[in-house]
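A short write-up of the structure that comes next.
Protein chains in written order, with my numbering: chain A, -19 to 290; chain B, 293 to 676; chain C, 36 to 368.
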C-alpha cells in the first residue's frame, strides 16, 4: 500500500534509480543549454543520441574498448553537430524544423546501420559500477551515491563545469552575449558564427555521450529507437532549468526521480492505473514549472538567425 | 514592362519550386545510400513515383495521406505566424480524435450528417483544449511552449492508452481475453463519405475549404491581423493596445484545434475506429511533426500549404511503396524523410535572398510577407 | 543560385528521361508452383518479439519448402500506421501474392475493406479469431497465456525469495494475455508468492524497462519475466543480479545464457503450413487458427545453458501435458 512507499528500501531504490535515469538527460540537456545560450535551438538531440548510442555500442562490441566507443560516439555527435551548425549558421534554416529533420535522419540511420551491421540484438559488457572503498559499503547512502559507473559520475561533474564555463570565463561571456544580442556582440568583435559553431558542435558531442551512456554504460544493449523520446525531454528540460546548468540538473533529477517513483508505485501494486503512473513525471514537470514561475527570460536571440549588417 | 512582369512571375515560380528542388537534392543523396545497399536507385525512385502517382488509387492514397498534413499545417501557419512553436500536434491530434470518437460512439441514434458534423466540431474542440493549455501556460505562467507541448504529447499518449483499454474499449473486445485496445467500429452512416470510388474521403475537401478560410482569417480579419502582429513584434503590439497574452493563447488554441480536427478526420475517414499500439505515431503516422514540415514547404501560407501537403504526402506514400518494391529497410525511408526536411529547410535562404532582391526592387507586398524571424533579418539588414 | 537551380533541374530531368528510356522491369518468369507470401508487420523484423516471430517462422517454412525459388517472401515492416499498412496490403493483393499476412490486430478494419475486392487472394489476420465471415480471410492467434502459465509454474517453483517481477509494455493484447497467464500459473503453484507487475507504458523505452527490472529486484524479486522488445534492458539487469528470466515470443537465451530458464517461442510455421495446404487445395479462408501448446504453435524452449533441476523440468512437462489434454484450465481475470 501507499505506506510501503516510505520504507527505506524503497526510498533508497527511488533515489539510486533516479540518479541513474537522469544521466542521459544531463549530458544532452547541458549540451543543449550551451547551444540555446548562444541562440540556437536544436531539436535534433534525439537523433544525435541514437547515432551516438549505436556508434559507441558497435565500436565497443567489436573492439572491446569502451572508451573508444565513447570517443566514437563523441565524434559522431560532433559531426552531426557540424552539419546542424552549417545549416543553422550559414543557411539560416528554421531551427525547430531542421532539428526535426536531423532527428529523423539520426533515427533512420542508427536503425539502418544496426540492421546492416549487426542484424540481431546483442549485449556488451559496459562500464562497470565503481567500487569506492568504505563509501560504497555505507548502508543506504552507499547504494544511492557510490554505486554507479563512471559515465554517471561524468554527467554530474558536467554541471559545475558547465556553470563555470558559462559564468566565469570569457568564452561563456561571449556565448551569452551572442545569445542575447548578436549584433552588439558582433560589433564588439565577437565572431558570432564561430561561437555558434562551437556551442552546436559541443551540444552534439555531449548528445553523443548521452547516447553512449545508454548503450554501453547503463543498459549494455542497443535497440532500434531505444532513446524513445529522451532527447526531446532533454530539450524541454533546458527550458525547465531556465538555461542554467543547476536548473537543468534540478529538472533532470525531478523528472527521473518521479519516473522511478512511478515504477515503484506499480511494483508495490498500489492501485493506480499503469497509464496514470506513467504520466506522472510529465504532469508534475509542468506543475512544478507553473508553481515556480520563473522571472528568467530566454536568450533574446534564441531561434533567430544572425546576419551581419553591411 | 511585359518582359519584367514575366521574369518576375518566373522568378516567383522558381521560389515556389525551391522546396521541390531541395527534395530532389535530398533524393540524390538517398540514391547514394541506396547504392550502398545494393539497390538500383532508378528502380527505387520509379517505385516511389508509381506509389504516389502511378494509378488513381495511388493518387487517392497520396491525398488521403496529405489531408492530416494539411490540417496540421494550417494550424502551424497560424501558430508560427504568432511566433509560437507548436510541436504538440501529435498530442492534439490524439485528444481531438478521442473526443470525436466518443461523439461517434455515444450519439448513435442521431442522423449521420449531424453526428459527423458534431464529431468534427468535437475534434476541433479537443485539439483546442490540448493546444490551449500550453497557450495559457505560456501566456500567463511563462512556461515555454516547447516544454509544455512535449510533455502534453506524452500525456496524451497515456490518456489514449488508458481510455482505449478501459472506458472506451469495444465491448466485443472487453469480453475477449486478448483485449485489443480499440474502440467499437463507427456505424457506417457516420463514416465520412467517399469523394470518388477510392479511399479518398470528404476530409480532404474539408481541409481545402478550411485552407481558404484560414487565409481569410489571417489576412482579412482583425483576429488574424493581431495574431500576426503579436508574432512579429509583441512589444509594439502591446503598446498599440493588443492584449498580447490573449493572442498567444489563441494562436496555440487554434493551432491545436486544427490538429485535433486532423485526428478526427483520420478516425472518421480512414480507420472508422480508434486503435492504439501504445505510441503516438501509431495513430498519427507522425502527422503532428510532418504537418510542420508541410507548412514550411508551403512557406507558412495556407493556400500554398495545399500543394505542399500533397507533395509531402506523395513522398511519404511513395516511400512506403518503394520500401515494398525494392525491399529496403524502412529505416532508410525514415532517414530519407529526415534528409528531405533538412534540405528543404536549408533551401529557405535562397528563397529569402531572392525575395529580398525582388522586394527591394518593387514595393512591399503585405500578403506574402514572410514570418517573424525573416522579417527581423530584414529589419537588421539595410535594404539597398 | 539561379544557375544552380537550372543545373539541378537539368540533371534530374536527364536522369528521369534516361530511366524512362531504359528497359522497364523485366517480368520474372516464375515457376507455376512458386508460392508467394507477403507479410505486413507493425514493428521491425529484428525486434526479438512479435514481428520477428512471424518473420522467422516464414523463413522456416521457406527452408522446408525448398528455398526462395519455391517460396517467396516479401515484407513491409514498421507498418504501425494503419493506412500505410492498408496501402501495403492492397498493393500486395494487386500484385497477385497468394497469401497476404496482416500481422497486427490493428489491421482488421483495412482487411475487412480490402479482402472482398481480391477474392483470388488469401488473407491472414492475427492475432484474432475474427474472419468477418469472409471466405478469403484466415484468422490466427496465439494462446500466449498457455506458455505464460507454464513459465509461471516454473517461476514459482524456482523462486526462493517468493517474490517475482513482471515487466510489460502496455496493458493490452498479447502482452496482457501472457502476463495474466503467467500470474495464474504462479498462483496455482504457490499461492503465497508475490507477483509484482509493471507496465512501463511503451514498447521501446529500454531504459525504463531496465529500471523497472532493477526496481523489481530491489523489491526482492529473484525471478523476472517480461514481454515485448524493450525487455532486452530488463534481461541485462536480471543477469547482473543473478535473477532468473523467463522469456516469450522468441528465444531469449542468447541475451543472458546463464540466467534465462526458458522462453515461450511462437512457431507460427505450424499454422502457416496448414494454411498453405488449404490455399493450395482451394480454400482461401474462413477458418481461425490458434497457436498453442497442443499443436506445437507454441513451444517452451528450455535454455540448455541453464541447469534446470530434474523435478522442475518434470513439473513443467506435466503442466504442458495438462494444458494440452485439458486437465489444467487457465482462468484469466
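Glycine included, every Cβ here is placed at the ideal spot set by N, Cα and C.
This one's a predicted model, so the numbers in the text were calculated from it and none came from an experiment.
From the options, residue whose alpha carbon lies closest to that of residue i
i	options	result
residue 330(B)	624(B), 647(B), 651(B)	624(B)
residue 330(C)	349(C), 301(C), 343(C)	301(C)
residue 100(C)	309(C), 232(C), 336(C)	309(C)
residue 453(B)	199(C), 189(C), 238(C)	238(C)
residue 180(C)	253(C), 149(C), 298(C)	298(C)
residue 56(A)	29(A), 41(A), 69(A), 74(A)	29(A)
residue 376(B)	359(B), 503(B), 521(B), 358(B)	521(B)
residue 325(B)	653(B), 650(B), 627(B)	627(B)
residue 138(A)	112(A), 109(A), 183(A), -12(A)	183(A)
residue 93(A)	259(A), 37(A), 242(A)	37(A)
Beta-carbon neighbours of residue i, restricted to chain E and to distances below 7 Å
i	result
residue 200(A)	Chain labels in this structure do not include chain E; the protein chains are A, B and C.
Per-residue contacts from residue i into chain A (C-beta, under 8 Å)
i	result
residue 187(C)	Residues of chain A passing the Cβ test: none, with the nearest at roughly 17 Å.
Reduced DSSP secondary structure (H/G/I, E/B, other) of residue i
i	result
residue 511(B)	helix
residue 198(C)	strand
residue 172(C)	strand
residue 57(C)	Confidence at residue 57(C) is low in this model, with a pLDDT of 39, below 50, so the placement of that residue should be treated as unreliable; the coordinate-derived value is given next. Residue state, collapsed to three classes: coil.
residue 657(B)	In this prediction, residue 657(B) has a pLDDT of 48, which is less than 50 and means its spatial position is unreliable; nothing more can be read from the coordinates.
residue 239(C)	coil
residue 308(C)	helix
residue 446(C)	The requested residue 446(C) does not occur in the structure, where chain C is confined to residues 36 to 368.
residue 234(C)	strand
residue 404(B)	helix
residue 94(A)	helix
residue 161(A)	coil
residue -4(A)	helix
residue 574(B)	helix
residue 355(C)	helix
residue 482(B)	helix
residue 336(C)	strand
residue 141(A)	helix
residue 204(A)	coil
residue 158(C)	strand
residue 322(C)	coil
residue 16(C)	Because chain C is modelled from 36 through 368, residue 16(C) falls outside the range shown and cannot be assessed.
residue 564(B)	coil
residue 591(B)	coil
Under 7 Å from the C-beta of residue i: neighbouring residues of chain A
i	result
residue 236(C)	254, 255, 258
residue 268(C)	199, 201
residue 450(B)	255, 258, 259
Contact list for residue i against chain B, beta-carbon separation under 7 Å
i	result
residue 213(A)	442
residue 89(A)	627
residue 95(A)	621, 623
Contact list for residue i against chain C, beta-carbon separation under 7 Å
i	result
residue 70(A)	Within 7 Å Cβ-Cβ: nothing; residue 70(A) doesn't reach chain C, min ~14 Å.
residue 563(B)	117, 144
residue 574(B)	115, 116
Cross-chain neighbours of residue i in chain C, by beta carbon under 9 Å
i	result
residue 567(B)	117, 140, 141, 143, 144
residue 247(A)	200, 231, 232, 233, 247, 250, 251, 253, 254, 256
Per-residue contacts from residue i into chain B (C-beta, under 8 Å)
i	result
residue 263(A)	443, 447
Residue i CB to nearest heavy atom of the ligand ATP below 7 Å
i	result
residue 188(A)	The ligand ATP is absent from the structure shown, which contains no ligand whatsoever.
Partner residues on chain A for residue i, Cβ-Cβ distance less than 9 Å
i	result
residue 641(B)	70, 71, 72, 73, 285
residue 264(C)	101, 203, 204
residue 584(B)	76, 77, 80
Interface residues of chain B facing residue i [CB-CB closer than 9 Å]
i	result
residue 216(A)	436, 438, 439, 440, 441, 442, 443
**Request:** Check each residue of the region 603 to 620 of chain B: if its Cβ is closer than 7 Å to any Cβ of chain C, include it; give the result in chain order.
**Result:** Result list: 609, 612, 613, 615, 616, 619.
**Request:** For the region 60 to 131 of chain C, list the beta strand (DSSP E) runs that are entirely contained and at least 3 residues long, ordered along the chain.
**Result:** Whole beta strand (DSSP E) segments, 3+ residues: 70 to 75, 106 to 111.
**Prompt:** Between the region 318 to 340 of chain C and chain A, which residues of the former have CB atoms less than 7 Å from a CB of the latter, in chain order?
**Reply:** none
**Asked** Which residues, in order along the region 472 to 495 of chain B, keep a beta-carbon less than 9 Å from a beta-carbon of chain C?
**Response** Along the region 472 to 495 of chain B, going in chain order, the ones with a CB nearer than 9 Å to a CB of chain C are 472, 473, 474, 477, 491.
**Message:** Using a Cβ-Cβ cutoff of 8 Å, what residues of the region 71 to 83 of chain A are near chain B? List them in chain order.
**Reply:** 71, 72, 73, 74, 76, 77, 78, 80, 81, 82, 83
**Asked** Between the region 191 to 216 of chain C and chain A, which residues of the former have a C-beta closer than 9 Å to a C-beta of the latter?
**Response** If the cut-off is 9 Å between Cβ atoms, the region 191 to 216 of chain C has 200, 203, 205, 206 near chain A.
**Message:** If the cut-off is 8 Å on Cβ atoms, which residues from the region 376 to 388 of chain B count as contacting chain C, listed in chain order?
**Reply:** none
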